[in-house]
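Working notes, beginning with the structure itself.
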Amino acid sequence: MLSKQQEEILQEFDGANKSNWSDWKWQVKHCIKDIKQIENVLGIKLSEKIHQQFSLISEKFPMAITPYYLSLVDTDNLENDPIFKQSFPVINELDVLQTDMADPLHEDKDSPVEGVTHRYPDRALLLVSNTCSMYCRHCTRKRRVGDQDSIPNRKQILKGIEYIQNTQQIRDVLLSGGDPFLLSDEYLDWILTELNDIEHVEVIRIGTRTPVVLPQRITDNLVKMLKKHHPIWINTHYNHPRELTNSSRNALKKLADAGIPLGNQSVLLAGINDCPRIMKSLVNKLVANRVRPYYLYQCDLSEGLSHFRTPVGMGIEILESLIGHTSGFCVPTYVIDAPGGGGKIPVMPNYLISWSTNKVVLRNYEGVITTYKEPDSYKPTYCNMNCDNCDLLLATNDADERKAIGIEMLLSDHNESISLIPSGNDRYNRRDN
């Protein structure tokens, strides 16, 4: 059932009806990209100054908002609304600081072939789309927003897949963009099939914001196709509790019911979610919908994002409000994605206060200080790094469930044992002497 605001928005599009609202292709086709359309759809009037600023900003960083996501805006509190702030451009985006970078994570420099970023030894990022249903104002890849000339084609994607195939240490591939779910079911199915055919690729991850800004995209057909390609993991991008609407929760339910593990990556954004109570509400709502809070990102040093950045201390304060105050699996890892391609660096509160040879001193979330006694006699395993011939600890293959023991061993045809001898049997001990 549509809300009153959603029904009013539909009336702004000629020939639109309620069935259009649930059609993800209709939502994408009718993305709002013009400030006058924003005013008409929301029934508001923005100042002439904002109109002038919008023209300047949109030339460099264009706007696109799905009708669905725009329908969540609270027009009575427009200035502070977290939905509006994430989707509507402001003049601060043209403030490019000396520390800002077009590609702060050096994704392009860590790209062995076009469309692939290979930063970590066993993982690779494969860009399969430059298209998004909405242009998030805090996007770390703002340099590519709206760049229709650089949409990866099949030939480019095949080159990326070929690189992954020829690089045997890659066991984990992340599909990103843009948004991979803006591709057709058939095209995405082809990409997943090609990756699944690579023997050393063990898991595929997909990063998408469609459950947040375009939940209509999570169709039964899409989910049916994804189920063919397990193991698949999906990371979503919720930044605020208000984004978890009925439509959004239903999209998550479809994915979770299909056996797809779900994670969430939030970005810490000034004036949007830089509040311990907001973040606690968000993570609790996520786990109630079977989504594991995965990362809380410090906002990147991309161009025009300075107004979104908070001090790192704000992120630490949020973690202090979560650890011990909610379930452990509700607590995301707070990370800074290091400028220059250094990767994600965890930033956590200090719980280890000090240590000596025999003790470590710890504090808990309440401020209680305690000690942990180290073992008096710990004998480390000597390692000569000859892993191929290791007979100590290195046994990483799956355990053999078919190995028979006890009575099953005596009954089995393939085992030559004829008896079980209790340890300490006196008669057998005498034989040994």
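Using this note's numbering, the final residue of the sequence shown is 443, and nothing's skipped along the way. Ideal Cβ placement from N, Cα and C applies to all residues, glycine included.
Self-check item: Per DSSP, the bridge partner or partners of R354
Solution: The sequence shown places Lys at residue 354, rather than the Arg named in the question. According to DSSP, K354 bridges with D347.
Checklist entry - Going by DSSP, what residues sit across from I216 in a beta bridge? => result L185, I244
If you compare alpha carbons, which of S364, Q308, E384 is closest to P356?
-> Q308
Requested in this report: Determine which residues share a DSSP beta bridge with V370 and list them.
Outcome: W365, Y382
With a threshold of 16 other CB atoms inside 10 Å of the CB of H40, please say whether the residue is buried or exposed.
buried
Discussion item. Here's the rule: buried if 16 or more other CB atoms are within 10 angstroms of the residue's CB, otherwise exposed. What is Y438?
Written reply: exposed
In whole angstroms, what separates the C-alpha of A261 from that of R227?
8 Å
Tell me which residues share the same chain as S68 and place their Cβ nearer than 7 Å to its Cβ, disregarding the 5 neighbours each side in the sequence. P99
**Asked** Do K95 and G325 have their CB atoms nearer than 9 Å?
**Response** no
So which of E209, N102, S13, M235 has the shortest CA-CA distance to F191?
M235
Measuring CB to CB, does Y248 end up less than 9 Å from L292?
yes
- Nonlocal neighbours in the same chain, by C-beta distance under 8 Å from V38, ignoring five residues either side: T76, S143, L192, L224
Review point. On the three-state DSSP scale, how would you describe L421?
Key: helix
### Message
Quick check on G273: does DSSP put it in helix, strand or coil?
### Response
strand
(request) Quick one: measure Cβ to Cβ for R129 and G353, integer angstroms, because I've assumed they're closer than 8 Å. (result) 6 Å
Do L202 and K165 have their beta-carbon atoms positioned less than 9 Å apart in this structure? no
Practice problem: Return the first residue and the last residue of the beta strand (DSSP E) that P303 is part of. | Solution: 301–308
Reduced DSSP secondary structure (H/G/I, E/B, other) of L278:
strand
Next item on the list: Check whether the Cβ of K237 lies closer than 9 Å to any Cβ atom in chain C.
Entry: Judged by its chain identifiers, the structure shown contains no chain C, having just a single protein chain.
Review point. Within 10 angstroms of its Cβ, does G314 collect 16 or more other Cβ (buried), or is it exposed?
Key: buried
Exercise for the section: Leaving out five residues on either side along the sequence, give the residues of the same chain with a beta carbon under 8 Å from the beta carbon of G351. Expected result: L115, H116, E117, K119, D120, R129
Just to confirm the assignment, what range does the alpha helix (DSSP H) spanning L198 have?
195–206
Taking 7 Å as the limit between beta carbons, can you name the residues of its chain near R252, skipping five residues before and five after? L82, P92, I93
Consult DSSP for L135 and reduce its assignment to one of helix, strand or coil.
strand
Kindly indicate the opening and closing residues of the alpha helix (DSSP H) around V293. 286–298
query: What is the rounded straight-line gap between the Cα of Y79 and the Cα of V211?
result: 35 Å
Cβ neighbour criterion (16 or more within 10 Å) applied to F71
buried
Subject >> Spatial distance of I415 from H424 (CA atoms) >> reply: 12 Å
### Query
Which residue's Cα is closest to the Cα of M11: F23, S32, A26?
S32
Worksheet entry | Own chain residues within Cβ distance below 8 Å of T391, not counting five before or after | L402, L403
Assign S312 to one of three DSSP states: helix, strand, or coil. strand
**Message:** How far does the alpha helix (DSSP H) with A266 in it extend, from its first residue to its last?
**Reply:** 256–267
- Note the first and the last residue of the continuous alpha helix (DSSP H) segment covering V233. 230–236
Exercise for review: Within 10 angstroms of the Cβ of C393, are there 16 or more other Cβ atoms? Answer buried if so, exposed if not.
Suggested key: exposed
Notebook entry, point to check: Can you pull the DSSP bridge partners for V126?
Noted result: L136
So the candidates are V277, T246, H250, L279; which of them puts its Cα closest to the Cα of K263?
T246
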